[in-house]
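Take the sequence shown: its position 402, counted from the start at 1, is 442 in the numbering used here, and no numbers get skipped. One structure is given below, encoded as structure tokens.
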Amino acid sequence: MSTDLVAQGLDQLTTDLDGTLFLPGDPEWDNVRRPWHLAVDQRPTAVVTALSTRDIVATIRAAAELGLRVAPQATGHNAAPLGDLAGTLLLRTSALRSVHIDAEARIARVDAGAQWMDVTGAAAKHGLAALAGSAPDVGVVGYTLGGGLSWLGRSLGLAANSVTAIEVVTGDGRLRRVDAAHDPELFWALRGGGGSFGVVTALEFRLYPITDIYAGVLFFPLERAEEVLRAWHSWLPSVPDEVTSVGRILRFPPLPVLPPHLSGQSYVAVEAACQLPVAQADELLAPLRALGPALDTFAVIPVTDLGLLHMDPDGPVPCHGDGMLLHDLSPAGVVSFVRSAHEALLSLELRHLGGALAPGRATGGGAVDSLDATFALFAAGFTPDAASGAAVRSAVTAVQYRMLPWSTGGSYLNFTERRRPGADLFGTGTYERLRQVKAAFDPGDVVRANHPVEA
Numbered sequence: 041m042s043t044d045l046v047a048q049g050l051d052q053l054t055t056d057l058d059g060t061l062f063l064p065g066d067p068e069w070d071n072v073r074r075p076w077h078l079a080v081d082q083r084p085t086a087v088v089t090a091l092s093t094r095d096i097v098a099t100i101r102a103a104a105e106l107g108l109r110v111a112p113q114a115t116g117h118n119a120a121p122l123g124d125l126a127g128t129l130l131l132r133t134s135a136l137r138s139v140h141i142d143a144e145a146r147i148a149r150v151d152a153g154a155q156w157m158d159v160t161g162a163a164a165k166h167g168l169a170a171l172a173g174s175a176p177d178v179g180v181v182g183y184t185l186g187g188g189l190s191w192l193g194r195s196l197g198l199a200a201n202s203v204t205a206i207e208v209v210t211g212d213g214r215l216r217r218v219d220a221a222h223d224p225e226l227f228w229a230l231r232g233g234g235g236s237f238g239v240v241t242a243l244e245f246r247l248y249p250i251t252d253i254y255a256g257v258l259f260f261p262l263e264r265a266e267e268v269l270r271a272w273h274s275w276l277p278s279v280p281d282e283v284t285s286v287g288r289i290l291r292f293p294p295l296p297v298l299p300p301h302l303s304g305q306s307y308v309a310v311e312a313a314c315q316l317p318v319a320q321a322d323e324l325l326a327p328l329r330a331l332g333p334a335l336d337t338f339a340v341i342p343v344t345d346l347g348l349l350h351m352d353p354d355g356p357v358p359c360h361g362d363g364m365l366l367h368d369l370s371p372a373g374v375v376s377f378v379r380s381a382h383e384a385l386l387s388l389e390l391r392h393l394g395g396a397l398a399p400g401r402a403t404g405g406g407a408v409d410s411l412d413a414t415f416a417l418f419a420a421g422f423t424p425d426a427a428s429g430a431a432v433r434s435a436v437t438a439v440q441y442r443m444l445p446w447s448t449g450g451s452y453l454n455f456t457e458r459r460r461p462g463a464d465l466f467g468t469g470t471y472e473r474l475r476q477v478k479a480a481f482d483p484g485d486v487v488r489a490n491h492p493v494e495a
């Protein structure tokens with residue numbers, strides 16, 4: 041379509057919106073197009089900041105008529121695989137953050153732009169907890185469509201398995217409410233298959249009667265990384281499903297916003313959340329504490345404070361990261377992991393999986409209802425300039441290359457920040473079924489996702 045006709049169509053869209061349409065050159069352009077990952081340079085045709093479901097419907101219909109695409113985005117975590125967004129309307133849903141808790145039914149209903157910080161506090165007022173991400177400012181919808189790996193995952197499974205209903209605008213501009221009985225194939229695809237099938241306007245999911253949890257971090261000097269992580273790895277077979285833990289190598293930059301024990305310091309750390317009585321958890325942790333941590337932060341905390349446990353950045357940052365799924369490691373694998381921790385990396389972690397995250401544990405799940413792996417690896421670093429960006433990308437690639445002998449060949453969608461073929465992400469059979477759903481509900485490929493499923 042000609043540039044003039046597109047411009048006329050966007051002018052018409054502006055009059056149909058409760059929100060605002062921004063074009064290149066507008067005073068707020070750089071702010072509204074910027075994702076959470078500040079190193080990603082998004083250059084869409086236009087940006088729509090939605091204030092209603094009506095705005096989402098109007099944007100999709102206009103894009104289809106104008107030969108454009110729509111990329112929904114609440115926070116812009118994991119934005120890198122989207123590319124520069126040429127020929128695309130960036131649909132910002134960040135203003136749509138309403139949360140409703142049905143305490144009796146133990147169900148949360150959240151709008152498209154809700155972040156986990158909006159949900160956890162609201163649920164806690166009723167003595168309930170959600171399967172929230174490790175960072176409070178992660179968008180609920182994107183996290184859940186990608187599977188959703190929480191601190192409660194080994195006992196309660198992926199967050200996508202707790203979804204009970206989804207309201208979504210598909211590529212034809214139709215608002216649908218899908219669940220196990222209504223458009224079940226679309227409901228299946230959205231739970232773990234990513235955002236290729238429509239723009240989610242509301243998500244409903246189960247909550248759990250958890251108020252407090254015993255959680256914390258054991259910090260050790262970085263030079264003890266091999267010793268500590270080998271001990272942690274040996275400790276894992278004794279751990280029940282009620283315990284989720286992470287082995288991690290951390291290098292904190294010298295920033296005044298960080299507490300003194302973190303700013304400019306480097307550690308090997310074991311983080312854990314234990315849904316156990318304190319005495320039982322302490323007995324379980326005793327072998328790790330016997331190593332003599334420099335700092336032990338374990339305490340009974342409100343479940344809402346789990347969002348602080350992983351020490352993720354507080355707000356948008358320039359960064360790059362990527363992950364992979366691993367089989368169980370041999371002792372040599374632990375050594376390779378430690379030796380791959382290049383100084384350019386802020387964080388290199390292994391998240392212990394299994395338990396309710398393992399295949400066969402979920403019933404009635406979606407496209408991704410489990411993770412067939414023992415660990416999820418993620419490596420990341422800050423990239424404030426071109427030189428650091430190159431160093432971090434090289435370091436992340438080196439980690440993945442070094443850990444290939446233990447790779448499952450699969451990926452966890454939310455830890456995958458580089459483009460990968462769909463069959464590699466989902467497996468051939470699941471990907472072909474996802475393609476059929478895409479062809480049925482968005483044959484024109486109007487909706488653009490960071491990890492796309494082709495029609």
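For each residue, glycine too, the CB sits at the ideal point set by N, CA and C.
Compare the C-beta of Gly235 against all C-beta atoms of chain C and say whether one is closer than 7 Å. Of the protein chains in this structure there is only one, and it is not chain C.
I'd like to know whether the C-beta atoms of Thr89 and Ala114 end up nearer to each other than 7 Å. no
Minimum C-alpha distance to Val487 - residue among Arg246, Gly211, Val439 and Pro300: Gly211
With burial defined as no fewer than 16 other Cβ atoms inside 10 Å of the residue's Cβ, what is the status of Pro176: buried or exposed? buried
Option nearest Ile206 by Cα separation, candidates Arg214, Val218, Leu474 and Gly213: Val218
DSSP-derived helix/strand/coil call for Asp158: helix
I'd like to know whether the C-beta atoms of Pro64 and Gly116 end up nearer to each other than 7 Å. no
What three-state label does DSSP hand His273 in the structure shown? helix
Would the stretch 345 to 361 and the stretch 175 to 192 be scored as touching if the rule is three or more Cβ pairs under 8 Å? yes
Alpha-carbon to alpha-carbon, Gly232 and Glu266: 34 Å
Does the beta-carbon distance from Ile100 to Gly213 come in below 7 Å? yes
Buried versus exposed call for Ser195 [16 or more other C-beta atoms within 10 Å across all chains shown]: buried
Where the beta strand (DSSP E) through Gln113 begins and ends: Arg109 to Gln113
If you draw a straight line from the C-alpha of Tyr335 to the C-alpha of Tyr248, how long is it? The question names Tyr, but residue 335 in the sequence shown is Leu. The alpha-carbon atoms of Leu335 and Tyr248 are separated by roughly 31 Å.
Helix, strand or coil at Pro342 according to DSSP, with G and I counted as helix: strand
Rounded Cβ spacing between Leu131 and Val239 (contact assumed at less than 8 Å): 7 Å
Taking only three categories from DSSP, how would you classify Ile100? helix
Do the stretch 305 to 312 and the stretch 429 to 436 make contact, defined as three or more Cβ pairs closer than 8 Å? no
N-terminal and C-terminal residue of the alpha helix (DSSP H) that Arg216 is part of: Where Arg216 is concerned, there is no enclosing alpha helix (DSSP H), although the beta strand (DSSP E) it sits in stretches over Leu215 to Val218.
Determine the closest residue to Gly405 out of Ala384, Arg137 and Glu225, with distance taken between C-alpha atoms. Glu225
What residue from Ala402, Ala103 and Leu393 has the CA that sits closest to Phe415's CA? Leu393
As assigned by DSSP and simplified to three states, the class of Gly179: strand
Give the straight-line distance between the Cα atoms of His273 and Val374, rounded to the nearest whole angstrom. 8 Å
Give the straight-line distance between the Cα atoms of Val97 and Glu105, rounded to the nearest whole angstrom. 13 Å
Since Pro342 and Thr251 should fall inside the 8 Å C-beta cutoff, what is the C-beta to C-beta distance between them, to a whole number of angstroms? 7 Å
Distance, Ala480 Cα to Ala384 Cα: 45 Å
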